[in-house]
Amino acid sequence: MPTDQGRRYYAWLPFITLLRKEILRFWRVASQTLLPPIITALLYLFVFGATLGERLSVLEGFSYAQFVIPGLILMGVINNSFANTSSSLFMSRYLGGIVDLLVTPVSPPQFIMAYTLAAMLRGMLIGSVVWMLSTLFAGLPWQSPLLAILMALLASFLFAQFGLIAAIFAHNFDTLSMYSNFLILPLIYLGGVFYPISILPEPWEKLSCLNPLFYLIDGFRHAILGVGDTSFLLAFGVSGTIALGLFCWAAWLIGKGHRLRT
Amino acid sequence: MYSRGMNALELSHLQKSFAGVPAVRGISLSIRQGEIFGLLGPNGAGKSTTINMIVGVTRIDSGTIRAFGYDNQRDYRMTRRMLGVVHQEVVIDNFFTVDQALKLHAGYYGVKDDPVWRQLLIDRLGLRPHLGKVMLKLSGGLKRRFMIAKAMIHKPQLLILDEPTAGVDVELRHGLWDFVREINRQGTTILLTTHYLEEAEQMCDRIAIMNHGELIAMEETQELVRRLSNRRLRLWLESPLEEIPNALTVYRPKLKADGRELLLCLPTGEGAGILLQQLCELGLKVRDIETDQSGLEEVFLQLTGMKGNEDAH
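As you go down the protein sequences, you meet chains A and B in turn. The opening position of the first sequence corresponds to residue 1 in our numbering, with each subsequent residue numbered one higher. The opening position of the second sequence corresponds to residue 1001 in our numbering, with each subsequent residue numbered one higher.
Written out as structure tokens, the structure is:
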């Protein structure tokens, strides 16, 4: 009898299935999704850890490699969390596959959480691999490992939301890549990955405080090294507020079906 | 809420506009459980918009949609579980093979994969040799079959087919319709749109015709055809006729050159008895008689005004 009467319904299964699909999606094309960011991070580590790092010192008591590694880990987390939600949702929109999902009982909260958790997993996976590779170049003191993990999770959550929003508003692949190339990348580079903003002259130091990425990177580094340009609480508070704001925006857009439903 | 005997689908005063241009203008219709219902209309009539509103891809401006008694806005999770849809556009996802995609798809509907049912669909739709292929590697016909399998994987109670046979060959079309009849016999209600009116006439218990976003007809298929189509009579006379009698003008007569073959059209809804009696009264002796009836296609063209346009061209 081809009806679903008598077939048990599991309310959580649509969420689990979508999460599984999103994880499988990046796992199946690991050569495109996981390998390139790891190679990029390895190159950065080689340049700043094994070559230039020996001649640079920006933070007293720490080698340059120790200073730059937390930033590189977080860069991997941020880029990959954003890439996962933005490329997956945009491709679904672009190729029409989103329709397959819109006709199912997957609710907007399940939709957001499945996309977000898969993106966070990818981001944290890359971050972990970068950290493991970094041990070849320098060890980290890990002053507050739990706070560091919390900050990395917050960064991946925040950029997963941003990826969803970018995918909803992008008109084509060019506009989507503009978000990463002309917004995220400059903000990361200017957010203190390679230098502490305290060494900048005015007004650049104050302007850097307007960069939301600065708080994520500084908070993460603070948790690992025990020192930073600003307090951990401020870094966490600002990042958490931005993450919450982006989550509410993404939830509103997806709940409304903005640019997803006609 | 759900009980036997209630309608599978009820649309009430459904309206939708895109950028101020009305696509669906307040249509209302009901589909009974267990029937095959055809929604027909020319391109741009509003069929796909209506279907997209039913399945939740398009937002409703006003009106209500109830599936098996549940409101498709308020109880969307319940209604979507009961519906399966095959979209007109082929949806491509190249990350998963046919088998993997089918296994995943059941989960979206909150039901665990049923291997027996999945294997049945795979075999019935001829997908077994292609289970390891991604969609990009499938032919157009196979993509359609895969989409039908996907739409059926959670055993929906109402299957919606939006032009499922568009662009597929005759053999596959017949195979698909056989499958649709089979699952309908087993209890699944079917709502379909198709451009192949002959097939709609053979398949559908009832038909609704849309034009310019409005419902212009909705009846039992046979009744619609009987009521609106023209029956033609071809008569072979014993002796040649020199001139058509005036009394036959109402039947739009045409006389062949030899005067022995007469073609007459019966007015809509009128039997042949009166005409035959008139022929007797006129003293015309009929040697042989042949009747035929225009089908749904002609009814469709008349109702949608496309016949007039064609004639004009």
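Every residue gets a Cβ at the ideal spot worked out from N, C-alpha and C, and that includes glycine. Predicted, not measured: the structure shown is a model, and the values here were computed from it.
(message) Can you tell me where the alpha helix (DSSP H) holding residue 1161/B begins and where it ends?
(response) Along the second sequence, read from residue 1 onward, the residue named residue 1161/B stands at position 161. Taken as a continuous stretch (DSSP letters only), residue 1161/B belongs to no alpha helix (DSSP H), being part of the beta strand (DSSP E) at 1158-1162.
(request) Count the other C-beta atoms from every protein chain shown that fall within 10 angstroms of the C-beta of residue 57/A, then say buried if there are 16 or more, exposed otherwise. (result) As a working note, residue 57/A is residue 57 in the first sequence. Exposed, since its Cβ has fewer than 16 Cβ neighbours within 10 Å.
(message) How far does the beta strand (DSSP E) with residue 1052/B in it extend, from its first residue to its last?
(response) Here residue 1052/B refers to the residue found at position 52 when the second sequence is read from its first residue. Per DSSP, residue 1052/B belongs to no beta strand (DSSP E); it is in the alpha helix (DSSP H), 1047-1055.
(request) Output the distance between the C-alpha atoms of residue 143/A and residue 227/A, rounded to the nearest integer angstrom. (result) Within the first sequence, residue 143/A is the residue found at index 143, counting from 1. Within the first sequence, residue 227/A is the residue found at index 227, counting from 1. The alpha-carbon atoms of residue 143/A and residue 227/A are separated by roughly 9 Å.
(request) Measuring only between beta-carbons, confirm whether residue 83/A sits less than 8 Å from chain B. (result) Here residue 83/A refers to the residue found at position 83 of the first sequence. Not an interface residue.
(request) Please check the pair residue 1241/B and residue 1259/B, which I expect to be a contact at CB under 8 Å, by giving their CB distance rounded to whole angstroms. (result) Here the question's residue 1241/B lines up with position 241 in the second sequence. Here the question's residue 1259/B lines up with position 259 in the second sequence. Correct: roughly 5 Å between the Cβ atoms.
(request) With DSSP collapsed to three states, give me the class of residue 1109/B. (result) Locating residue 1109/B in the second sequence gives position 109, where the first residue counts as 1. If DSSP states are grouped into helix, strand and coil, residue 1109/B belongs with coil.
(request) Kindly give me the distance between the Cβ atoms of residue 256/A and residue 1104/B, rounded to whole angstroms, as I take these residues to be in contact under 8 Å. (result) For the purposes of this step, residue 256/A is taken as residue 256 along the first sequence, with counting starting at 1. For the purposes of this step, residue 1104/B is taken as residue 104 along the second sequence, with counting starting at 1. Residue 256/A to residue 1104/B, Cβ: 26 Å. No contact.
(message) Quick check on residue 1022/B: does DSSP put it in helix, strand or coil?
(response) Here residue 1022/B corresponds to residue number 22 of the second sequence, with the count starting at 1. Note: residue 1022/B maps to strand in three-state DSSP.
(request) Quick one: list the residues of chain B neighbouring residue 21/A, beta-carbon separation under 7 Å, in chain order. (result) Here residue 21/A is taken as the residue at index 21 of the first sequence, counted from 1. Near residue 21/A (Cβ distances below 7 Å), the residues of chain B are 1104.
(message) Between which residues of its own chain and residue 1232/B is the CB-CB distance below 8 Å, once the five residues before and five after are set aside?
(response) Along the second sequence, read from residue 1 onward, the residue named residue 1232/B stands at position 232. So the list reads 1263, 1264, 1265, 1266, 1291, 1292, 1293 and 1294, once near-sequence residues are dropped.
(request) Output yes or no for whether 8 Å exceeds the beta carbon distance between residue 158/A and residue 98/A. (result) Mapped onto the first sequence, residue 158/A falls at position 158. Mapped onto the first sequence, residue 98/A falls at position 98. In this structure, residue 98/A does not lie closer than 8 Å to residue 158/A by Cβ.
(message) Applying the 10 Å Cβ sphere with the 16-neighbour rule, what's the burial state of residue 1158/B?
(response) Position 158 of the second sequence, counted from the first residue, corresponds to residue 1158/B. Flag for residue 1158/B reads buried.
(message) Strictly below 8 Å CB to CB, what residues from chain A border residue 1124/B?
(response) Numbered from its first residue, the second sequence carries residue 1124/B at position 124. Residues of chain A passing the Cβ test: none, with the nearest at roughly 11 Å.
(request) Look at the Cβ atom of residue 1024/B, then the Cβ atom of residue 1046/B, and state whether they are nearer than 8 Å. (result) Residue 1024/B sits at position 24 when you count from the first residue of the second sequence. Residue 1046/B sits at position 46 when you count from the first residue of the second sequence. It is a contact, given that the beta carbons lie within the stated cut-off.
(request) Going by CA-CA distance only, name the one from 218/A, 180/A and 49/A that's closest to residue 198/A. (result) Locating residue 198/A in the first sequence gives position 198, counting from the first residue. With distances taken between Cα atoms, residue 198/A lies closest to 218/A.
(request) Taking 8 Å as the threshold, find out whether the region 1011-1021 of chain B comes into contact with the region 1052-1061 of chain B through three or more Cβ pairs. (result) yes
(message) Going residue by residue through the region 104-139 of chain A, where are the continuous alpha helix (DSSP H) segments of at least 4 residues, counting only ones entirely within it?
(response) 108-134
(message) List, in chain order, every chain B residue whose beta-carbon is nearer than 9 Å to that of residue 105/A.
(response) Counting from one through the first sequence, the residue named residue 105/A turns up at place 105. The contacting residues are 1076, 1077, 1078, 1079, 1080, 1081, 1108, 1109 and 1110.
(message) For residue 259/A, would you say it is in contact with chain B, using Cβ-to-Cβ distances shorter than 8 Å as the test?
(response) Taking the first residue of the first sequence as 1, we reach residue 259/A at position 259. Output row for residue 259/A: interface = no.
(message) Considering just the uninterrupted stretch of the beta strand (DSSP E) at residue 1095/B, what are its terminal residues?
(response) Within the second sequence, numbered from 1, the residue matching residue 1095/B stands at position 95. Taken as a continuous stretch (DSSP letters only), residue 1095/B belongs to no beta strand (DSSP E), as it is neither H nor E.
(message) Check whether chain B comes within 8 Å of residue 114/A, counting only Cβ atoms and requiring the distance to be less than that.
(response) Counting from one through the first sequence, the residue named residue 114/A turns up at place 114. Chain B contact via Cβ: absent.
(request) Assign residue 104/A to buried or exposed, taking buried as 16 or more other Cβ atoms, counted over all protein chains shown, within 10 Å of its Cβ. (result) Within the first sequence, the letter at position 104 stands for residue 104/A. With 16 or more other Cβ atoms within 10 Å, it is buried.
(request) For my contact list, residue 1106/B and residue 1093/B are in at a C-beta cut-off of 8 Å; report their separation, rounded to the angstrom. (result) Position 106 of the second sequence holds residue 1106/B. Position 93 of the second sequence holds residue 1093/B. About 15 Å separates the two Cβ atoms, so there is no contact after all.
(message) Quick check: the Cα distance between residue 1001/B and residue 1160/B, rounded to an integer number of angstroms?
(response) For the purposes of this step, residue 1001/B is taken as residue 1 along the second sequence, with counting starting at 1. For the purposes of this step, residue 1160/B is taken as residue 160 along the second sequence, with counting starting at 1. Note that residue 1001/B has pLDDT 47, beneath the 50 cutoff, so the model's placement of it is unreliable and no number is given.
(message) Rounding to the nearest angstrom, what Cα-Cα distance links residue 1136/B and residue 18/A in this structure?
(response) The sequence position of residue 1136/B within the second sequence is 136, counting from 1. The sequence position of residue 18/A within the first sequence is 18, counting from 1. Taking the straight line from one Cα to the other gives about 21 Å.
(message) With distance defined between alpha-carbon atoms, name the residue in 25/A, 40/A, 77/A and 71/A nearest to residue 89/A.
(response) Taking the first residue of the first sequence as position 1, residue 89/A is located at position 89. Ranking the options by Cα distance to residue 89/A, first place goes to 25/A.
(request) Taking only the alpha-carbon atoms, compute the straight-line gap between residue 194/A and residue 41/A and give it to the nearest angstrom. (result) Translated into the one-based positions of the first sequence, residue 194/A becomes position 194. Translated into the one-based positions of the first sequence, residue 41/A becomes position 41. Approximately 13 Å, taken between the alpha carbons.
(request) Would you identify the three-state DSSP class for residue 1217/B, choosing helix, strand or coil? (result) Numbered from 1 along the second sequence, position 217 holds the residue referred to as residue 1217/B. Three-state result, residue 1217/B: strand.
(request) Name, please, each residue of chain B whose Cβ falls closer than 9 Å to the Cβ of residue 11/A. (result) Working through the first sequence from its first residue, we reach residue 11/A at position 11. Within 9 Å Cβ-Cβ: 1077 and 1110.
(request) Go ahead and label residue 66/A buried or exposed: buried means 16 or more other beta carbons lie within 10 angstroms of its beta carbon, across all protein chains shown. (result) Residue 66/A sits at position 66 when you count from the first residue of the first sequence. Buried, by the Cβ-count rule.
(message) Please report the distance separating the alpha-carbon of residue 1311/B from that of residue 1302/B.
(response) Taking the second sequence and counting its residues from 1, the one referred to as residue 1311/B is at position 311. Taking the second sequence and counting its residues from 1, the one referred to as residue 1302/B is at position 302. Reliability of the predicted coordinates at residue 1311/B is poor, the pLDDT of 40 falling under 50, and the value obtained from them is presented with this limitation in mind. Distance between the alpha carbons of residue 1311/B and residue 1302/B is about 11 Å.
(request) Report yes if the CB atom of residue 1009/B is closer than 8 Å to the CB atom of residue 1191/B, and no otherwise. (result) Counting from one through the second sequence, the residue named residue 1009/B turns up at place 9. Counting from one through the second sequence, the residue named residue 1191/B turns up at place 191. Closer than 8 Å, so yes.
(request) Taking only the alpha-carbon atoms, compute the straight-line gap between residue 212/A and residue 1096/B and give it to the nearest angstrom. (result) The residue given as residue 212/A occupies position 212 in the first sequence. The residue given as residue 1096/B occupies position 96 in the second sequence. Approximately 37 Å, taken between the alpha carbons.
(message) So with CB distances below 8 Å, who are the chain A contacts of residue 1085/B?
(response) For this step, residue 1085/B is matched to residue 85 along the second sequence. Those within 8 Å of residue 1085/B in chain A are 103.
(request) Return yes when the Cβ of residue 153/A is within less than 8 Å of the Cβ of residue 120/A, no when it is not. (result) The sequence position of residue 120/A within the first sequence is 120, counting from 1. The sequence position of residue 153/A within the first sequence is 153, counting from 1. Cβ atoms of residue 120/A and residue 153/A: closer than 8 Å.
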